[in-house]
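Worksheet: one structure, shown below.
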Amino acid sequence: MTARRLALLTALHLLLAACDGGGDPVQQAMREASAKNQAAAVVEGTVSGPEDHSAHGSAAPSGPTAGDQAFAASEAEMHRLMAAASGETVDQAYIAKMIAHHQGAVAMAEVALRDSRDPEVRRMAQAVIDAQTREIAEMRAWTPAAGN
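Encoded structure:
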């Protein structure tokens, strides 16, 4: 079986799984977490949100937060790699840039695994690592179709 046929069969399998309620586990985890958070934010028909504490003398934080600082290096590296990634065709450039993007996602998920103590965040971070690593391998194995 050729690599192209194998890739098409794999894509078809993933597409059918997505239609059958399966799909990308990272996206599913994010949908579940979002729904849970949104449900928790709704209180008796009103949506709660950040309150204005300016009257209490507390100003909004200035500069990057500790959370932002934890991801600064991996974000900067991802953007650097994406800017440097290129290809002769749109297809090749897309693959190169998406590999860099996925590598950045893995690096950020590794920060979350290292620093987070929240079990749900850690589960989502591990799901990102698993899915993105698999997709990086798939993209690295890609070869242009004949005539492209």
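Taking the working numbering, the leading residue of the sequence shown gets 967, the next gets one more, and so forth.
Think of the CB as a built atom: it goes at the ideal place given N, C-alpha and C, for glycine as much as any other residue.
7 Å Cβ shell around residue i - same chain, five flanking residues per side excluded
| i | result |
| --- | --- |
| residue 1063 | 1048, 1051 |
| residue 1040 | 1070, 1073, 1074, 1077 |
| residue 1036 | 1077, 1081 |
Residue i classed as buried or exposed, judged by whether at least 16 other C-beta atoms fall within 10 angstroms
| i | result |
| --- | --- |
| residue 1111 | exposed |
| residue 1094 | buried |
| residue 1098 | buried |
| residue 1038 | exposed |
| residue 1032 | exposed |
Proximal residues to residue i (C-beta, below 8 Å), its chain only, five neighbours per side dropped
| i | result |
| --- | --- |
| residue 1045 | 1070 |
| residue 1088 | 1078, 1079, 1082 |
| residue 1030 | 1038 |
| residue 1022 | Confidence in residue 1022 is poor, its pLDDT being 45 and thus under 50, which makes the residue's placement unreliable; the coordinate value appears in the next sentence. Correct list: empty, nothing qualifies. |
Own chain residues within Cβ distance below 6 Å of residue i, not counting five before or after
| i | result |
| --- | --- |
| residue 1053 | 1059, 1062 |
Contact the segment 1054 to 1072 vs the segment 1088 to 1107: 3+ CB pairs below 8 Å: In short, these stretches touch, since the Cβ pair count reaches three.
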